[in-house]
Amino acid sequence: AQSVSQHNHHVILSEAASLELGCNYSYGGTVNLFWYVQYPGQHLQLLLKYFSGDPLVKGIKGFEAEFIKSKFSFNLRKPSVQWSDTAEYFCAVNAPDDYKLSFGAGTTVTVRA
Amino acid sequence: DTAVSQTPKYLVTQMGNDKSIKCEQNLGHDTMYWYKQDSKKFLKIMFSYNNKELIINETVPNRFSPKSPDKAHLNLHINSLELGDSAVYFCASSLGLPSYEQYFGPGTRLTVT
């Protein structure tokens, strides 16, 4: 089974600052990788996903993530955050033939205006 | 139109009661899931059905019983509710392969007093 580690529990930054959230997983084989976002009081929404191909993936709302296979990492980035990016961010992993999606513990991002 | 809907949104009940949460998706997806999100926002898979067949059954007390009457519905029945069952329960659905993203419902906040 896979496990997912998100390094930052709570990140606080000002508008226009750059954001990087770490995600590492433990699984030796091929994986599908996802970043989900949960805005306050809302359901989880997909930001981006990686299955294969270009390891730099672009998602919605200006987010991108880079898959580094040698580091078992899939870090999320945004060059300039807005107040509306305040949310909980979850990294998730599954094996290509496994419906079970393993989530990290989440990172709370607070953007101050 | 809401893609994945859950009822009720809030559920407050006393210990020992039996309650059900309903989930419906209108996306034509084959696979549906139940997740539990605890007070620390950690998300854990509980059950999954694919075409009405149970495919994931995590280590969950047998007081929890999922039922899928058809592909578009997945209900969760909980017997003899305990304080520790207080959490937010999310339903999700996806197309029939593990690599497809999961679409989440708005969640049901269950409070057991």
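These protein sequence lines are chains A and B, in that order.
Numbered per the numbering used here, the first sequence spans residues 592 to 704.
Numbered per the numbering used here, the second sequence spans residues 41 to 153.
Glycine residues also receive a C-beta, built at the ideal position from the N, C-alpha and C atoms.
Contact set for residue i: own chain, Cβ-Cβ below 7 Å, skip 5 residues either direction
{"i": "S139/B", "result": "none"}
{"i": "A704/A", "result": "E606, W674"}
Assigned secondary structure, residue i (DSSP; H/G/I helix, E/B strand, else coil)
{"i": "L114/B", "result": "strand"}
{"i": "S675/A", "result": "helix"}
{"i": "K92/B", "result": "coil"}
{"i": "L123/B", "result": "helix"}
{"i": "S79/B", "result": "coil"}
{"i": "K691/A", "result": "coil"}
Cutoff 6 Å; reference residue i; Cβ partners in own chain excluding five residues on either side
{"i": "G147/B", "result": "V128, F130"}
{"i": "Y75/B", "result": "L83, I85, F130"}
Outcome for residue i when other beta-carbon atoms lying within 10 angstroms are tallied against a minimum of 16
{"i": "V52/B", "result": "exposed"}
{"i": "I61/B", "result": "buried"}
{"i": "N623/A", "result": "buried"}
{"i": "H601/A", "result": "exposed"}
{"i": "I651/A", "result": "exposed"}
9 Å Cβ cut-off: residues of chain A touching residue i
{"i": "T71/B", "result": "Y690"}
{"i": "P138/B", "result": "N623, N685, A686, P687, D688, D689, Y690, K691, L692"}
{"i": "I85/B", "result": "Y690, K691, L692, S693, F694"}
Within chain B, partners of residue i - CB distance below 7 Å
{"i": "A656/A", "result": "The contacting residues do not exist; A656/A stays about 14 Å from chain B at best."}
{"i": "L637/A", "result": "E141"}
Beta-carbon neighbours of residue i, restricted to chain B and to distances below 8 Å
{"i": "K640/A", "result": "E141"}
{"i": "G613/A", "result": "Here the premise fails: no neighbours, minimum Cβ distance about 17 Å."}
Contact set between residue i and chain A, taken where Cβ atoms lie within less than 8 Å
{"i": "S88/B", "result": "Y690, K691"}
{"i": "P146/B", "result": "Q633, H634"}
Proximal chain B residues relative to residue i, where beta-carbon distance stays under 9 Å
{"i": "E679/A", "result": "K81"}
{"i": "A667/A", "result": "The question names Ala, yet the displayed sequence has Leu at residue 667/A. Chain B residues near L667/A: none, gap ~16 Å exceeds 9 Å."}
Contact set between residue i and chain A, taken where Cβ atoms lie within less than 7 Å
{"i": "I96/B", "result": "Y690, K691"}
query = With contact counted as at least three CB pairs below 8 Å, one residue from each stretch, are the region 54-73 of chain B and the region 86-102 of chain B in contact?
reply = yes
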